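Data first, discussion second: the structure below is written as structure tokens.
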Amino acid sequence: MGDLVDWANNKDKIHPVKYAADLYFKFVSIHPFRDGNCRTARLLMNLALIEAGYPAVNVFSDEKSRNKYMDVLAKSRRENDPEIFENLIGEYAKKAVKNHIKILELNEHNIEQARKEINL
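Numbering that gives the first Met the number 0 applies: residue 0 is where the sequence shown begins, and numbers increase by one.
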């Protein structure tokens with residue numbers, strides 16, 4: 000666990016999405032708790048993304064996504080290749096950013112509509 004903390008303190012040298020995915024991967028590989036390791040890892044990953052200005056990612060939007068996520072994580076761990084998992088988290092982060100932009104655009108549109116309606 001100490002190695003993970005040391006590694007985490009050097010996050011400025013790593014792209015934020017890669018850092019978040021690697022943080023998850025490393026934490027789950029250590030498996031420090033009897034239960035809740037994946038939940039804790041998702042919290043750590045999303046905290047890292049939010050701290051870097053990214054929106055949180057939802058990795059379990061449906062059963063198909065959950066299965067893909069678990070398969071990719073298992074393959075990445077089996078092959079000891081975090082890049083496999085990093086790519087999946089990158090896809091999730093990209094989708095989250097696109098959704099966030101859509102929400103902001105919709106909000107901007109709604110503000111403009113409200114201004115027109117009240118003659119501002």
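Every residue, glycine too, gets a C-beta built ideally from N, C-alpha and C. From a predicted model like this one, the values you see are computed outputs, not experimental measurements.
* Please check the pair residue 81 and residue 47, which I expect to be a contact at CB under 8 Å, by giving their CB distance rounded to whole angstroms. => By one-based count along the sequence shown, residue 81 stands at place 82. By one-based count along the sequence shown, residue 47 stands at place 48. 14 Å between Cβ atoms; not a contact.
* Cβ neighbours of residue 89 in the same chain (closer than 6 Å, five flanking residues each side left out) -> What you label residue 89 is simply residue 90 of the sequence shown in a count that begins at 1. Excluding sequence neighbours, residue 89 sits near 16.
* Applying the criterion that 16 or more other CB atoms from any shown protein chain within 10 Å of the CB defines a buried residue, is residue 158 buried or exposed? -> Residue coverage of the chain in this structure runs from 0 to 119, which leaves residue 158 outside it and unanswerable.
* Report yes or no: do three or more beta-carbon pairs, one from the segment 2-12 and one from the segment 52-65, lie closer than 8 Å? => no
* Asked: Which first and last residues belong to the alpha helix (DSSP H) in which residue 13 is found?
  -> Taking the sequence shown and counting its residues from 1, one reaches residue 13 at position 14. No alpha helix (DSSP H) holds residue 13; DSSP gives it neither H nor E.
* Buried or exposed: which applies to residue 40, given that a residue is buried once 16 or more other Cβ atoms fall within 10 Å of its Cβ? -> By one-based count along the sequence shown, residue 40 stands at place 41. Buried is the call here.
* To do: Check residue 57 in the structure and name its three-state DSSP category.
  => Numbered from its first residue, the sequence shown carries residue 57 at position 58. Coil at residue 57, not helix or strand.
* Simplified DSSP state of residue 84, which is helix, strand or coil -> Working through the sequence shown from its first residue, we reach residue 84 at position 85. Secondary structure of residue 84 (DSSP, three-state): helix.
* For residue 44, collect the residues of the same chain with a Cβ closer than 8 Å to its Cβ; drop the 5 residues on either side in sequence, then sort them by chain order. => Residue numbering aside, residue 44 sits at position 45 when the sequence shown is read from its first letter. Once the five neighbours on either side are set aside, the close Cβ partners of residue 44 are 19, 20, 22, 23, 56, 88.
* Asked: If you draw a straight line from the alpha carbon of residue 166 to that of residue 110, how long is it in whole angstroms?
  -> Missing from the structure shown is residue 166; the chain here goes from 0 to 119 and no further.
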